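The structure under discussion appears below in the form of structure tokens.
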Amino acid sequence: MDRELIRWRWRYGRPADFWLSHIDTVAAFIKEHKLRAVERENLQVIPEEKSVIDIDDIIGSHGGRKLAHLHYRGDIYLLNDNQWKAFSNKIIGGFAEKLANAKTVNFEQLIQLSDAMGSII
Numbered sequence: 008m009d010r011e012l013i014r015w016r017w018r019y020g021r022p023a024d025f026w027l028s029h030i031d032t033v034a035a036f037i038k039e040h041k042l043r044a045v046e047r048e049n050l051q052v053i054p055e056e057k058s059v060i061d062i063d064d065i066i067g068s069h070g071g072r073k074l075a076h077l078h079y080r081g082d083i084y085l086l087n088d089n090q091w092k093a094f095s096n097k098i099i100g101g102f103a104e105k106l107a108n109a110k111t112v113n114f115e116q117l118i119q120l121s122d123a124m125g126s127i128i
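Going by our numbering, the letters in the sequence shown line up with residues 8 to 128, in that order.
What follows is the structure, given as structure tokens:
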């Protein structure tokens, strides 16, 4: 396993492999939509300043996924609802293609797929 991935997992948790395995899609999406990374100075908890993004709104105590965002090369890119729909549709399309091409899955993979599909409403 890549050392960068191991270090990222140890430091931040499971989602690291998602960002690294979809790096080309993320890079293309950022370029296509001309997204700008959130400035580091704006990732502070300063409640009295309205222009500052509260990091707790982006990354929860047990990992991310509070606000739609992308990680790329150490930066965070926030997405609006339409951008998230476009990005997630690209990722779901890739998942659907892989699943359609799969000849078989092992027991653990079947359980994980079942859990994932069961969470989609």
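Yeah, the Cβ is synthetic: ideal placement off N, Cα and C, and Gly gets one too.
Since this is a predicted model, take the numbers as computed values, not measurements.
Counting C-beta atoms within 10 angstroms of its own C-beta, V33 has 16 or more neighbours from the protein chains shown and is therefore classed as buried. Three or more Cβ pairs closer than 8 Å define a contact, and the region 34-44 meets that threshold against the region 84-96. Distance from the Cα of L42 is smallest, within the candidate group Y84, G100, F25 and T111, for Y84. If you draw a straight line from the Cα of E104 to the Cα of L120, it comes to about 14 Å.
If you draw a straight line from the Cα of V112 to the Cα of H76, it comes to about 30 Å. Judged by DSSP secondary structure, L77 falls within the beta strand (DSSP E) whose first and last residues are H76 to Y79.
D82 places its beta carbon 8 Å or farther from that of A123.
I118 sits in a helix when the DSSP states are folded into three classes. In this structure, H40 sits away from I98, with a CB-CB distance that is not shorter than 8 Å. By the neighbour-count definition (other C-beta atoms within 10 Å, threshold 16), L86 is a buried residue.
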